[in-house]
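Below: one structure, written as structure tokens.
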Amino acid sequence: MTVLAPRTVDELERILADSPDHTILSGGTDLMVEVNLHGRRPTAIVSLRSVEELHAWTFDHERVTIGAAVPYATMEVGELAGLVPALAQAARTVGSPQIRAAGTLGGNLGTCSPAGDGLPVLSALEATVHIRGNGDRRDVPFADFMVGVKRNALRAGEFVHSVSIPRVDGWQGYAKVGTRNAMVIANASTCLVRDRSAGRVRVALGAVGPTILRCPEAESWLAANSDLRGNTPPSADVRAEFSRLVSQASRPIDDHRSTAEYRRHAVGVLARRLLERSYQ
Amino acid sequence: MNTTNTIAPPRPGTLGTDASRPDGVAKVQGGFAFSSDMWAENMLWGATLRSPHPYARIVSIDTTAAWKIAGVEAIITADDVPGLATYGLIMQDQPVFARVGDTVRYTGEPVAAVAADHPETCKRALAAIRVEYEVLPPVLDPETCIDGTAPVIHPDGNVLRHQRIVSGDPTVTGDVVVEGLYEVGMQDQAFLGLEAALALPDPGGTGVELYIATQWLHEDRKQIAACLGLPEDKVRLVLGGVGGAFGAREDISLQVHTCLLALRTSRPVRIAYGREESFYGHVHRHPAKIWMRHHADRSGRLVKVESRMVFDGGAYCSTSPAVLINAITHTQGPYKCDNAVVEGWALRTNNPPCGAMRGFGVVQACFAHESQMDKLAAACGVDPVRIRLLNAMQTGDRLITGQIVDSVAPVAECIRETAAIPLPPDMEADPNVLDLPGGSGRTADRHHIKRGVGWGVSIKNLMYSEGFDDYSTARCRIDDGVVTLKFATAEVGQGFVMLAQQIARTVLGVDEVLLDTIDTQVGSAGSSSASRQTWMSGGAVDAACRAARDELFKMVAADNGLDPSRLAIDGTDIVEVGGSFRRPVVQAARGKRVDETREYHHQPTEDLDENGQGNCHVAFAFVAHRAVVDVDIELGLVKVVQVATAQDVGRVLNPKSCVGQVEGGIAQGLGLAVMEEIVVQDGRVRNPSFTDYLLPTFLDAPQVDVVFVEEFEPKSPLGAKGVGEPPCISVTPAIANAIRQATGRDLPRVPVRPSDICL
Numbered sequence: 079m080t081v082l083a084p085r086t087v088d089e090l091e092r093i094l095a096d097s098p099d100h101t102i103l104s105g106g107t108d109l110m111v112e113v114n115l116h117g118r119r120p121t122a123i124v125s126l127r128s129v130e131e132l133h134a135w136t137f138d139h140e141r142v143t144i145g146a147a148v149p150y151a152t153m154e155v156g157e158l159a160g161l162v163p164a165l166a167q168a169a170r171t172v173g174s175p176q177i178r179a180a181g182t183l184g185g186n187l188g189t190c191s192p193a194g195d196g197l198p199v200l201s202a203l204e205a206t207v208h209i210r211g212n213g214d215r216r217d218v219p220f221a222d223f224m225v226g227v228k229r230n231a232l233r234a235g236e237f238v239h240s241v242s243i244p245r246v247d248g249w250q251g252y253a254k255v256g257t258r259n260a261m262v263i264a265n266a267s268t269c270l271v272r273d274r275s276a277g278r279v280r281v282a283l284g285a286v287g288p289t290i291l292r293c294p295e296a297e298s299w300l301a302a303n304s305d306l307r308g309n310t311p312p313s314a315d316v317r318a319e320f321s322r323l324v325s326q327a328s329r330p331i332d333d334h335r336s337t338a339e340y341r342r343h344a345v346g347v348l349a350r351r352l353l354e355r356s357y358q
Numbered sequence: 004m005n006t007t008n009t010i011a012p013p014r015p016g017t018l019g020t021d022a023s024r025p026d027g028v029a030k031v032q033g034g035f036a037f038s039s040d041m042w043a044e045n046m047l048w049g050a051t052l053r054s055p056h057p058y059a060r061i062v063s064i065d066t067t068a069a070w071k072i073a074g075v076e077a078i079i080t081a082d083d084v085p086g087l088a089t090y091g092l093i094m095q096d097q098p099v100f101a102r103v104g105d106t107v108r109y110t111g112e113p114v115a116a117v118a119a120d121h122p123e124t125c126k127r128a129l130a131a132i133r134v135e136y137e138v139l140p141p142v143l144d145p146e147t148c149i150d151g152t153a154p155v156i157h158p159d160g161n162v163l164r165h166q167r168i169v170s171g172d173p174t175v176t177g178d179v180v181v182e183g184l185y186e187v188g189m190q191d192q193a194f195l196g197l198e199a200a201l202a203l204p205d206p207g208g209t210g211v212e213l214y215i216a217t218q219w220l221h222e223d224r225k226q227i228a229a230c231l232g233l234p235e236d237k238v239r240l241v242l243g244g245v246g247g248a249f250g251a252r253e254d255i256s257l258q259v260h261t262c263l264l265a266l267r268t269s270r271p272v273r274i275a276y277g278r279e280e281s282f283y284g285h286v287h288r289h290p291a292k293i294w295m296r297h298h299a300d301r302s303g304r305l306v307k308v309e310s311r312m313v314f315d316g317g318a319y320c321s322t323s324p325a326v327l328i329n330a331i332t333h334t335q336g337p338y339k340c341d342n343a344v345v346e347g348w349a350l351r352t353n354n355p356p357c358g359a360m361r362g363f364g365v366v367q368a369c370f371a372h373e374s375q376m377d378k379l380a381a382a383c384g385v386d387p388v389r390i391r392l393l394n395a396m397q398t399g400d401r402l403i404t405g406q407i408v409d410s411v412a413p414v415a416e417c418i419r420e421t422a423a424i425p426l427p428p429d430m431e432a433d434p435n436v437l438d439l440p441g442g443s444g445r446t447a448d449r450h451h452i453k454r455g456v457g458w459g460v461s462i463k464n465l466m467y468s469e470g471f472d473d474y475s476t477a478r479c480r481i482d483d484g485v486v487t488l489k490f491a492t493a494e495v496g497q498g499f500v501m502l503a504q505q506i507a508r509t510v511l512g513v514d515e516v517l518l519d520t521i522d523t524q525v526g527s528a529g530s531s532s533a534s535r536q537t538w539m540s541g542g543a544v545d546a547a548c549r550a551a552r553d554e555l556f557k558m559v560a561a562d563n564g565l566d567p568s569r570l571a572i573d574g575t576d577i578v579e580v581g582g583s584f585r586r587p588v589v590q591a592a593r594g595k596r597v598d599e600t601r602e603y604h605h606q607p608t609e610d611l612d613e614n615g616q617g618n619c620h621v622a623f624a625f626v627a628h629r630a631v632v633d634v635d636i637e638l639g640l641v642k643v644v645q646v647a648t649a650q651d652v653g654r655v656l657n658p659k660s661c662v663g664q665v666e667g668g669i670a671q672g673l674g675l676a677v678m679e680e681i682v683v684q685d686g687r688v689r690n691p692s693f694t695d696y697l698l699p700t701f702l703d704a705p706q707v708d709v710v711f712v713e714e715f716e717p718k719s720p721l722g723a724k725g726v727g728e729p730p731c732i733s734v735t736p737a738i739a740n741a742i743r744q745a746t747g748r749d750l751p752r753v754p755v756r757p758s759d760i761c762l
């Protein structure tokens with residue numbers, strides 16, 4: 079097995095342009111499971127550890143930009159957590175402290191599992207994925223990036239460079255249901271953003287469909303039936319209908335972790351509770 | 004009973020103190036060699052090919068392509084087993100490998116094994132072996148084995164055991180009757196140290212030495228030698244470092260395969276399972292369906308208990324018959340009840356084989372009877388504590404098997420002591436979200452939570468039952484003042500190595516006690532199961548140490564013109580009771596050599612007759628649990644806030660170790676209550692990983708407040724009862740009862756799933 083350790087993004091880009099079948103390794107929290115449990119046998123590895131640019135994050139008054147190799151541990155606490163609280167909350171639900179020290183947002187995007195904990199946040203905040211490769215750069219809205227179960231818009235030779243998340247005037251939160259109180263794969267997850275300036279909420283659901291699902295009908299209905307700019311919470315009836323519309327937007331399946339019925343129920347409850355929290 | 008007189012406070016390291024474990028530091032620092040760390044020069048790796056089908060006839064096995072892979076040194080199938088083709092603890096019904104023309108009976112059943120120069124070569128070799136199967140419709144519902152609609156899937160039949168208990172007047176009825184149908188899911192022992200073994204062949208293939216993580220070296224040896232066609236003395240077993248057992252190491256898994264490959268290749272062979280293979284490699288806790296009906300008078304006093312229990316034993320017998328007998332003989336729980344009609348079935352299906360797990364059948368029975376006790380309390384309008392106290396068993400009471408409980412039976416004390424433990428404070432106004440149900444998922448706010456309190460009380464038999472003489476052996480050697488103990492007791496994490504040292508320090512008055520290798524070069528110790536080693540191997544070590552001490556006294560008396568019967572140990576000195584002689588033991592023993600081996604046998608037990616009558620158990624231990632849970636009713640998520648418990652232990656020999664057993668057992672019982680389940684669908688395990696088989700994490704573990712009820716058990720050599728199993732038995736129904744109280748739901752099944760609560 080060959081292991082390459084580029085130091086710059088340009089170098090990384092050249093390696094992948096020449097050898098698009100090389101396997102990218104950052105925290106390894108997905109790749110090593112593939113290797114150890116699912117018999118994947120990569121022949122060439124490109125390590126991101128020395129590519130400093132990918133480990134950096136920056137912000138201005140418009141957006142927060144997070145490098146693909148920034149670990150969840152960095153998002154969980156400190157300044158970054160203050161800037162994107164929903165992402166911090168999602169990061170805290172990922173695995174154990176050891177996993178969070180290793181796993182990255184780039185990995186979440188590379189794998190694109192519907193249960194990826196960071197992805198509903200990127201969806202609800204309408205993040206942009208910055209892609210490099212083949213001498214080119216492209217910016218893809220998250221909604222177009224994830225195209226199916228573990229399928230994304232990356233082409234051969236491309237990699238995720240970073241993600242930029244618009245800063246929102248308002249409230250954002252994330253909640254995830256699993257059958258234990260930590261270190262669990264999502265049975266269902268929800269991110270809700272209440273954008274005060276726009277007078278809208280944006281809701282994204284994880285683990286209840288082939289991709290992260292937005293809930294346009296619920297979002298529009300709520301905007302039309304409540305004051306999302308102010309401090310007066312919607313009535314109980316409105317919250318209940320919103321909850322129902324969110325559930326309706328989900329497309330869950332039965333599997334060994336949970337049932338479609340429970341998942342549909344759970345995302346509705348989570349969305350309603352997050353909406354209520356946004357007024358607290 | 005003779006025990007050493009100790010003056011308070013006891014000498015550090017002796018019985019009754021928090022003696023530290025000889026293996027503790029190495030385990031904490033990562034230096035302890037578990038069996039998966041073993042290695043030998045010139046070693047080959049072994050791997051096992053398993054059936055992908057729950058039930059299928061093997062048409063052919065073609066190893067041609069696998070043999071062509073460079074580095075493959077051996078490929079073995081059923082034809083290569085020189086001795087007995089099958090093994091098993093009770094019934095030898097499980098093939099070493101499924102044979103061509105015969106059937107595989109569960110998904111994961113071994114079909115062939117390979118030895119090669121590298122684990123990767125093994126994987127490729129397994130992939131290259133072509134097995135042609137004729138897939139058959141599997142038997143999945145144990146009820147079809149009772150009504151006879153299932154095809155017979157084994158020459159020994161589909162009924163592993165059927166037993167009735169009829170006690171007192173079976174026709175009597177009570178004024179108050181409650182009934183329920185309960186279900187317990189399949190739990191895994193989920194030890195952290197995976198199955199691993201290293202076999203070293205003797206030159207010429209005349210014998211083999213096996214380093215193995217197991218619970219009972221001598222039983223393993225018996226079964227291995229039979230399959231290898233070797234005399235037992237040509238098969239030597241040495242205990243490899245064991246990372247937990249909980250019953251999952253009672254059965255043969257990789258032992259025979261590893262030895263066969265080593266003998267075939269004349270090279271050391273190591274097999275080590277990964278986590279997924281481990282789920283196929285060992286037996287699990289029986290899933291069970293239990294119907295119970297309790298009759299009581301209006302005050303709530305039990306009149307009769309009726310039950311029908313159906314245990315799914317899976318494809319092979321393992322210990323299913325004994326598990327079933329444990330379950331049905333514990334139907335009444337720790338309560339006095341004169342009349343009973345109980346029927347139990349253990350059945351063979353094409354589901355994963357089930358066998359021993361901590362609690363051994365009593366877990367399932369207890370979930371049912373404790374659920375019933377709450378129903379009965381509600382029907383009689385008394386509270387759950389009151390109804391349990393009203394019916395609490397006492398020493399001298401007769402069980403539904405006719406056996407008299409001659410153990411210390413402080414059931415009421417356990418309940419009262421538990422009730423006296425303060426309840427946790429109400430939830431804070433602004434609680435830490437991590438402490439709420441849902442934990443790090445931040446699913447709930449304070450006002451979504453409802454608190455519930457629930458009770459569970461249990462009785463558990465100690466040692467093996469039904470006429471089994473599960474004796475234990477120990478040797479104590481004093482050589483020039485150095486004390487060395489030898490025994491074959493499997494140290495599986497429970498701390499027997501520490502307890503043995505405590506006993507020797509106490510009896511012999513020495514501080515340093517060496518432990519010889521744990522292997523088959525001494526007599527059997529029985530299994531590290533059934534909460535039995537403190538009593539049994541503790542009894543053997545105690546007896547061997549006493550015998551050695553008495554020999555030493557004779558020598559010292561002869562040297563000094565004293566009467567040996569007037570010598571005693573005082574601290575670390577040998578003293579003459581009249582005060583005429585005092586000398587440090589280590590000094591008095593200089594130049595002397597004593598070597599004493601003793602066996603300890605418990606009182607004999609009997610088989611049950613056709614009506615389930617007989618003195619089938621040796622002794623009993625009791626425990627009460629009170630669980631406090633917070634439930635998010637709308638999402639069905641649970642946080643167990645506190646478990647209060649008072650446990651009947653006879654006597655505390657090591658406080659820290661007892662607390663460890665209690666906390667660990669409670670975590671395991673909590674797992675069964677709310678999350679741990681092997682999901683089996685169409686005969687296949689759907690979640691064979693720790694990603695999806697959920698064990699409680701630190702955030703799920705409750706605060707545990709424990710009181711030990713110490714009433715010296717005269718039947719026990721040290722006055723102590725086994726502490727290992729009781730903690731995990733009644734905590735499960737206590738948690739279920741607490742969730743029921745919070746939600747008002749019936750919840751007849753554990754693990755309680757979120758959807759059971761909220762949909």
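Chains as they are written, first to last, in my numbering: chain A, 79 to 358; chain C, 4 to 762.
From the three backbone atoms N, C-alpha and C, an ideal C-beta is built for every residue, glycine too.
Since this is a predicted model, take the numbers as computed values, not measurements.
Sequence-distant residues of its chain with Cβ nearer than 6 angstroms to residue i (five each side left out)
{"i": "residue 294 of chain C", "result": "184, 311"}
{"i": "residue 354 of chain A", "result": "none"}
{"i": "residue 31 of chain C", "result": "none"}
{"i": "residue 591 of chain C", "result": "559, 577"}
Residue j beta carbon less than 8 angstroms from that of residue i
{"i": "residue 739 of chain C", "j": "residue 457 of chain C", "result": "yes"}
{"i": "residue 218 of chain C", "j": "residue 248 of chain C", "result": "yes"}
{"i": "residue 621 of chain C", "j": "residue 724 of chain C", "result": "no"}
{"i": "residue 362 of chain A", "j": "residue 164 of chain A", "result": "Absent from the structure is residue 362 of chain A, since the part of chain A shown begins at 79 and ends at 358."}
{"i": "residue 572 of chain C", "j": "residue 552 of chain C", "result": "yes"}
{"i": "residue 317 of chain C", "j": "residue 355 of chain C", "result": "yes"}
Through-space distance from residue j to residue i, alpha-carbon basis
{"i": "residue 505 of chain C", "j": "residue 708 of chain C", "result": "26 angstroms"}
{"i": "residue 394 of chain C", "j": "residue 625 of chain C", "result": "14 angstroms"}
{"i": "residue 117 of chain A", "j": "residue 198 of chain C", "result": "20 angstroms"}
{"i": "residue 190 of chain A", "j": "residue 226 of chain A", "result": "8 angstroms"}
{"i": "residue 596 of chain C", "j": "residue 549 of chain C", "result": "15 angstroms"}
Spatial neighbours of residue i in its chain, beta-carbon cut-off 7 angstroms, leaving aside the 5 residues before and after
{"i": "residue 23 of chain A", "result": "Any question about residue 23 of chain A goes unanswered here, given that chain A covers just 79 to 358."}
{"i": "residue 514 of chain C", "result": "16, 508, 575"}
{"i": "residue 563 of chain C", "result": "584"}
{"i": "residue 741 of chain C", "result": "455, 456, 457, 630, 631, 632"}
The ligand COA heavy atom lying under 7 angstroms from the CB of residue i
{"i": "residue 88 of chain C", "result": "Annotation note on the ligand COA: not contained in the displayed structure, which lists no ligands."}
Own chain partners of residue i with C-beta closer than 8 angstroms, once the 5 adjacent residues on each side are dropped
{"i": "residue 665 of chain C", "result": "648, 650, 707, 709, 726, 730"}
Cross-strand partners of residue i (DSSP beta bridge)
{"i": "residue 692 of chain C", "result": "DSSP output for residue 692 of chain C lists no bridge partner at all."}
{"i": "residue 625 of chain C", "result": "C:462"}
Please confirm if the stretch 215 to 230 of chain C is in contact with the stretch 167 to 176 of chain C, defined as three or more CB-CB distances below 8 angstroms between the two stretches. Look at the beta carbons and you see the stretch 215 to 230 of chain C not touching the stretch 167 to 176 of chain C: under three pairs across the two are nearer than 8 angstroms.
Inspect the CB distances between the stretch 340 to 360 of chain C and the stretch 323 to 331 of chain C and report whether three or more fall short of 8 angstroms. yes
Could you tell me whether the stretch 199 to 208 of chain C touches the stretch 71 to 81 of chain C, where touching means 3 or more Cβ pairs closer than 8 angstroms? no
Report yes or no: do three or more beta-carbon pairs, one from the stretch 657 to 665 of chain C and one from the stretch 689 to 697 of chain C, lie closer than 8 angstroms? no
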